[in-house]
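Reading through the structure tokens given below for one structure.
In this note's numbering, the protein residues as written are 711 to 1332.
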């Protein structure tokens, strides 16, 4: 436990600093007292911490920098001279609260305190339908949606540290969870996309925007509008005939901005559709078309999102293309949390360093670290903390310094950076190769792969899967012991590694045993399945405990159904293997069929496989 140190703060301080310091006692270890170390504070143009070993002079420009500066004071106090200047006006984190994992207030409080010490000054709440719209009772129904009161209290808490909290919603695409309700069918262009040019749509959007922004101090709103595939080509086509989708989006944006103007809001949106509708992506040759440029309203800020490039020049080129639009550009990179239970930190680091370096050189004013939870929110938000720290350190120092990052992570998050980096070993099976734009997510597809319909048997042939995961069990158990604040996180990863080690014995052996008719080996393999099922249940219990430590309970039912399905299928597989071993059946047809390579490339790369219909079975599960 961190020893408490008395400090005596004098001079120019942010409003509410006493309460904020009380909230940060666990993180900082400081207690305000008249007999404490004297810290003279000055509001200036940058961030400075200077000490002669007895007293401290602290200079801050923005409130959040005051708390970062406190975390830069050596413990125990020693002479120091630190000077930092923020490279971005705004640097923050987007919290995905829409892919089943909805951060509970206490969970977000925890993250916000860490962000304060990192100096990150923006939190963006990605809520597709997980906020209340009073006129629409089915909006976020049984999804763990936030109430107005919850969001207002969260905004107050963030403001305590000088962190701006603002909403990111969807006003065109990514609305499948709400549009599937019969009450919303009349608003559909297609299953994901709202019907543009319909007056009822804009009544709904007015309700959504008013409700989404009401709890916050901020006048920012992110309107989404990314990946609105098929816009204008569903019900819109039936009602209005064919029209260039650029024109549809352009008109729709103007109508939405009329609403944001009405409420005095500053709007931003994702930029990808302006490239997609040109039949290209950010990195295709050529500049945006005139149609694309005409569809952009200068009142909106475009957010260029890109998590996939490890070369600075790729981001530089894309930023140049964005400069052709009549609207300002900001940037969102990614902490690779969306590929399964374990984030990919090697790819996160390589791509973040390249992206933020390009943004600094281009003078981008705002950068954002996204922490998406695609396909179920399987990675806990606390596992993303090291990625947040990287954004903080590059913002204030302008460079990536490994040793400095590790020291700052230990101070801000009270954890060993190597422990968090090693979480990614769950996806780093020797022989598997990751790409910067497509990292392998071994722990997910091997966890959910059906034991009888083994889609990845040929892709993983010859790889020592069980040995690899087995080697991680003790490592994560040790990290749980050494990082007590994150013991639950590493207990979960310990259980995941153990379950994978046992389950992969089956994947490595089952098909070969049946094809060569080895009934003795079949008996031994069947004997091991009960332990695997037990390990899966232990994993389920720990996963739920971890989930509910940071998230509302809603959404975990999806993971429980998945794990329950895996356990049930393992039991079925065991019964069949036992029957084969005992000579009751001649073969197991599912395992007899020759497996084909589906994902593995000659260099060992296995494409990221992120959805259940790609993992469990080629059969229909819709």
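Here a beta-carbon is modelled for each residue, glycine too, at the ideal position from N, C-alpha and C. Please read all numbers here as calculations on a predicted model, not as lab measurements.
To the nearest angstrom, report how far apart residue i and residue j are at their CA atoms.
i, j, result
"residue 849", "residue 894", "9 angstroms"
"residue 1345", "residue 1054", "Outside the displayed range of the chain (711 to 1332) lies residue 1345, so it cannot be described from this structure."
"residue 1163", "residue 1325", "10 angstroms"
"residue 1219", "residue 1287", "11 angstroms"
"residue 827", "residue 913", "41 angstroms"
"residue 1227", "residue 1170", "21 angstroms"
"residue 1034", "residue 1028", "10 angstroms"
"residue 841", "residue 817", "17 angstroms"
"residue 1329", "residue 1321", "13 angstroms"
"residue 720", "residue 776", "13 angstroms"
"residue 1156", "residue 865", "40 angstroms"
"residue 823", "residue 733", "8 angstroms"
"residue 1036", "residue 1003", "7 angstroms"
"residue 745", "residue 1117", "28 angstroms"
"residue 1275", "residue 1238", "18 angstroms"
"residue 795", "residue 1102", "12 angstroms"
"residue 1160", "residue 1279", "7 angstroms"
"residue 748", "residue 723", "14 angstroms"
"residue 1104", "residue 1281", "49 angstroms"
"residue 1327", "residue 1165", "7 angstroms"
"residue 1045", "residue 1081", "5 angstroms"
"residue 983", "residue 825", "31 angstroms"
"residue 1057", "residue 987", "28 angstroms"
"residue 1315", "residue 1248", "31 angstroms"
"residue 1001", "residue 985", "10 angstroms"
"residue 767", "residue 820", "28 angstroms"
"residue 1149", "residue 761", "44 angstroms"
"residue 1185", "residue 890", "44 angstroms"
"residue 1294", "residue 1272", "30 angstroms"
"residue 992", "residue 1284", "49 angstroms"
Which whole-angstrom value describes the C-beta separation of residue i and residue j, a residue pair presumed to lie in contact below a C-beta threshold of 8 angstroms?
i, j, result
"residue 758", "residue 793", "5 angstroms"
"residue 655", "residue 1136", "With the chain represented from 711 up to 1332, any question about residue 655 goes unanswered, as that position is not in the structure."
"residue 798", "residue 1075", "6 angstroms"
"residue 1235", "residue 1216", "7 angstroms"
"residue 1297", "residue 1309", "Not quite, the Cβ-Cβ distance comes to about 26 angstroms (not below 8 angstroms), so this is no contact."
"residue 919", "residue 973", "7 angstroms"
"residue 1083", "residue 1047", "7 angstroms"
"residue 916", "residue 969", "5 angstroms"
"residue 1260", "residue 1091", "6 angstroms"
"residue 1196", "residue 1125", "6 angstroms"
From what residue to what residue does the alpha helix (DSSP H) around residue i run?
i, result
"residue 1334", "The structure shown does not extend to residue 1334, since the chain spans only 711 to 1332, so no value can be given for it."
"residue 1240", "1239 to 1260"
"residue 957", "955 to 972"
"residue 748", "Counting along the chain, residue 748 falls outside any alpha helix (DSSP H), though it belongs to the beta strand (DSSP E) covering 747 to 753."
"residue 994", "It is not in any alpha helix (DSSP H) - residue 994 carries neither H nor E in the DSSP assignment."
"residue 1287", "1266 to 1291"
"residue 1032", "1022 to 1032"
"residue 1327", "Note, residue 1327: premise wrong, no alpha helix (DSSP H); not H, not E."
Given a cut-off of 8 angstroms, decide if residue j and residue i are closer than it, judged by their beta-carbon atoms.
i, j, result
"residue 1049", "residue 1151", "yes"
"residue 1232", "residue 1291", "yes"
"residue 932", "residue 907", "no"
"residue 862", "residue 925", "yes"
"residue 875", "residue 808", "no"
"residue 1065", "residue 1043", "yes"
"residue 833", "residue 779", "no"
"residue 882", "residue 941", "yes"
"residue 956", "residue 921", "no"
"residue 853", "residue 1193", "no"
"residue 1168", "residue 1306", "yes"
"residue 967", "residue 936", "no"
"residue 1334", "residue 885", "For residue 1334 there is no data in the structure shown, the boundaries of the chain being 711 and 1332."
"residue 1129", "residue 1189", "yes"
On the DSSP letters alone, give me the boundaries of the beta strand (DSSP E) that residue i sits inside.
i, result
"residue 1015", "1011 to 1015"
"residue 1174", "Counting along the chain, residue 1174 falls outside any beta strand (DSSP E), and DSSP gives it neither H nor E."
"residue 719", "715 to 721"
"residue 740", "740 to 742"
"residue 977", "976 to 980"
"residue 877", "874 to 878"
"residue 931", "930 to 932"
What residue from the options has the CA that sits closest to residue i's CA?
i, options, result
"residue 1015", "1249, 1025 and 1021", "1025"
"residue 887", "921, 851 and 860", "851"
"residue 1061", "1086, 1154, 1090 and 1023", "1023"
"residue 763", "790, 738 and 1293", "790"
"residue 1250", "1268, 1239 and 1262", "1268"
"residue 1143", "982, 723, 1213 and 1173", "1173"
"residue 727", "980, 737, 872 and 997", "872"
"residue 1087", "1114, 1051, 1098 and 1063", "1051"
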